[in-house]
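Asks:
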Amino acid sequence: MLELTILGFLGERPLHGYELKARIQGLSGHVRPVSDGALYPALTRLVKAGKLDQRTVPGTGAVPRRILSLTPEGRATLHERLRSPKDADITDGQRFFTLLAFLGQLPDRAEQAAVLRRRQEFLSAPASFFYEDGAPIKAEAEPDLFRRGMLRIARATGTAEKKWLAEAIAELES
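For the sequence shown, my numbering gives the first residue as 1, with consecutive numbering after it.
(1) Could you check how far apart the C-beta atoms of L2 and F9 are, in whole angstroms? I think they sit under 8 angstroms.
(2) Locate the alpha helix (DSSP H) running through S137, then write down its first and last residues.
(3) Rounded to a whole number of angstroms, what is the C-alpha to C-alpha distance between S174 and H16?
(4) According to the neighbour-count rule (16 or more other Cβ atoms, all chains shown, within 10 Å of its Cβ), is F96 buried or exposed?
(5) According to DSSP, is E132 part of a helix, a strand, or is it coil?
(6) What are the partner residues of L68, as DSSP defines its beta bridges?
(7) Got a sec? Which residues, its chain only, sit under 7 angstroms from A168 by beta carbon, not counting five neighbours each side?
(8) So what's L99 in DSSP terms, helix, strand or just coil?
(9) What do you get for T159, buried or exposed, if any count of 16 or more other CB atoms within 10 angstroms of its CB means buried?
(10) Between L100 and L7, which are expected to be in contact by the criterion C-beta below 8 angstroms, what is the C-beta distance as a whole number of angstroms?
Structure below.
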């Protein structure tokens, strides 16, 4: 997901490393903070792969800034990652939100709708955090107060997300 996040933010506009890191932190927050030990090697790999371009400009102080931007190959990679996300990018809520943050950069509305349809299909399958004899346990049947709370919150969130997905798909297809 770090690569997608880097490509996505740089798809919006060129950024220097510190600004890029701040944007990534804002998107992932406390859930998946990014360290310099992960970010800067990823940037180096993307530059070596020809997906990012870098140039040095004078900084506000004595230290020059490294400005990063997408190359045409980087933009093509971003679009492919958005067009054909991995299953985990659809099924994991945080990963899906990362995908959603950049899906607007995919130029084809039909391809955007197809990604949303995949999430919609995933959410339509009965699921739970807890199972009994292979069947999902519903909130009303859960005796534990805290697990019942988890199930109710997940159901409310899922209902809201399904509604939004239906509206977004209809708008993209109109």
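Virtual Cβ for every residue (Gly too), placed ideally from N, Cα, C.
Replies: Reading it off the structure:
(1) Your pair L2 and F9 does not check out as a contact, with CB atoms roughly 11 angstroms apart and the cut at 8 angstroms.
(2) Inspection of the sequence shows that residue 137 is occupied by Ile rather than by Ser. Looking at the DSSP string, I137 is not in any alpha helix (DSSP H), and its letter there is neither H nor E.
(3) Taking the straight line joining both Cα atoms gives about 38 angstroms.
(4) buried
(5) If DSSP states are grouped into helix, strand and coil, E132 belongs with the strands.
(6) L15, Q54
(7) Apart from the 5 residues on each side of it in sequence, A168 sits with its Cβ closer than 7 angstroms to the Cβ of L116 in its chain, given in chain order.
(8) helix
(9) With fewer than 16 Cβ atoms within 10 Å of its Cβ, T159 is classed as exposed.
(10) About 15 angstroms separates the Cβ atoms of L100 and L7, ruling out a contact at the 8 angstroms cut-off.
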